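First the structure, in the form of structure tokens, and then the observations on it.
In the numbering used here, the protein residues as written are 287 to 714.
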């Protein structure tokens, strides 16, 4: 969607005059000036101070939430005030039930810490809207830094932490972790971006924080104002892709890849579709894309998933990213989660590449843990993988990288890796 005006902010603008916790160096850079730009405060002060008489209805637009662009160019999802209120009301109930479960309701104001980017729908809803509505006290890290997070937890006695799994592992593996008291933490909702939340990670986190419960936060997307599921705290799951159960008022179904009108059986894989009061009104100035995604109130996500017999939803990957090798369907996430069990693997991304004999072969890009750099080879990890997963799921090629391409929201951009590989074959 063409954008006519862009509001630019500097991370420096978010800093207090005297920060009380560690600050990422890039945040200290002063705001740069650009030709043809206007200062927001200059625009605001040029208008009368009297409020404008504008009537806003529940069905009016509250925001254009641009998607992360992991499946193409970013599109502006149109969200309404009623959509935001529906999800915020659900979050208030979820926070309330969670605080009761972990036994801290009534102990005063809930102190929350979040390092999720607030321009992302999950960061905005769960780290700002929901916590403000609940009446919580917030510590917002505009950019994640392990020391800053530990300092904040220690200084402000944070009891609730909204994170991603790489943030959790970054804290646990930091050499200065023992310097900070994190025993105030009682609950962490986290998201598996790049690194999957496993039982082993959950147990390590609980030990490192003196008992903090950590669970997968939710399944959701920009088009549905996110947080469409939640993980029951009394029976959390740590299996690959498990996202919990649907929120009250949220309908989720799994439909056939070949026929969207046909629901598949429990346990069978298909496309995830959602319907509830918070789904988007469409993509801004993108009628064709809207018609392909929003049908009779249902959002067809392009995500692959399944339900188990207890109603838990499992996210298994993007339909467009599924790898077809030797006639088998392989989800990148299951390859990545298995490889992450190897002690040398810090981060990993798996993709499919064209192959004349097999249709596609699997290539994995691995970021090694610092202690293992120069000590293992790609062949070592491939040989190890053959002992634990089906042969067709073992990567044919492993390439070591210093880092993986990530979106601003913290998602691994597999499509960038695919494009790089295809361009290699073209000689560009």
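In this text, a Cβ means the ideal position worked out from N, Cα and C, and glycines have one as well. Here the structure is a predicted model, which means the values were calculated and not measured.
So what's residue i in DSSP terms, helix, strand or just coil?
i           : result
residue 363 : strand
residue 709 : helix
residue 585 : strand
residue 439 : helix
residue 303 : coil
residue 417 : helix
residue 308 : coil
residue 678 : helix
residue 617 : coil
residue 520 : coil
residue 381 : helix
residue 338 : coil
residue 525 : coil
residue 374 : helix
residue 317 : coil
residue 386 : helix
residue 434 : helix
Would you kindly work out how many angstroms separate the C-alpha atoms of residue i and residue j, rounded to a whole number?
i           : j           : result
residue 667 : residue 440 : 38 Å
residue 381 : residue 420 : 8 Å
residue 378 : residue 620 : 33 Å
residue 354 : residue 646 : In this prediction, residue 354 has a pLDDT of 49, which is less than 50 and means its spatial position is unreliable; what the coordinates show is noted afterwards. Each residue's Cα considered, the two are about 26 Å apart.
residue 444 : residue 316 : 30 Å
residue 423 : residue 504 : 22 Å
residue 495 : residue 472 : 8 Å
residue 349 : residue 478 : 26 Å
residue 708 : residue 371 : 44 Å
residue 375 : residue 570 : 26 Å
residue 693 : residue 351 : 15 Å
residue 699 : residue 690 : 8 Å
residue 603 : residue 663 : 28 Å
residue 400 : residue 482 : 19 Å
residue 298 : residue 513 : 30 Å
residue 658 : residue 502 : 28 Å
residue 447 : residue 307 : 16 Å
residue 558 : residue 609 : 18 Å
Taking 7 Å as the cut-off, does the CB of residue i come closer than this to any heavy atom belonging to the ligand ZN?
i           : result
residue 587 : This structure does not include the ligand ZN; it has no bound ligands of any sort.
Indicate whether at least one CB of chain B lies closer than 8 Å to the CB of residue i.
i           : result
residue 424 : Within the model displayed, chain B is absent; a lone protein chain is all it includes.
The alpha helix (DSSP H) that contains residue i, what's its start and end?
i           : result
residue 553 : Unbroken run through residue 553: none, as it is neither H nor E.
residue 326 : 326–331
residue 546 : Where residue 546 is concerned, there is no enclosing alpha helix (DSSP H), given that its DSSP letter is neither H nor E.
residue 445 : First-last for residue 445: undefined, no H or E at that position.
residue 409 : 407–410
residue 579 : 573–579
What residue does the beta strand (DSSP E) around residue i start on, and which one ends it?
i           : result
residue 232 : Nothing can be reported for residue 232: it is not among the residues displayed for the chain, which extend from 287 to 714.
residue 348 : 347–352
residue 537 : 537–541
So, under 8 Å CB-CB, residue i and residue j are touching, yes? Tell me the CB distance rounded to an integer number of Å.
i           : j           : result
residue 651 : residue 630 : Actually they do not touch by this definition, with Cβ atoms about 14 Å apart.
residue 625 : residue 671 : 7 Å
- Query: What are the start and end residues of each continuous beta strand (DSSP E) run of 3 or more residues lying completely inside the region 457–516, in chain order?
  - Reply: 473–477, 499–502
- Message: Extract the residue ranges of the alpha helix (DSSP H) inside the region 623–694, only unbroken runs of 4 or more that lie entirely within it.
- Response: Segments of the alpha helix (DSSP H) lying fully in the region 623–694: 664–672.
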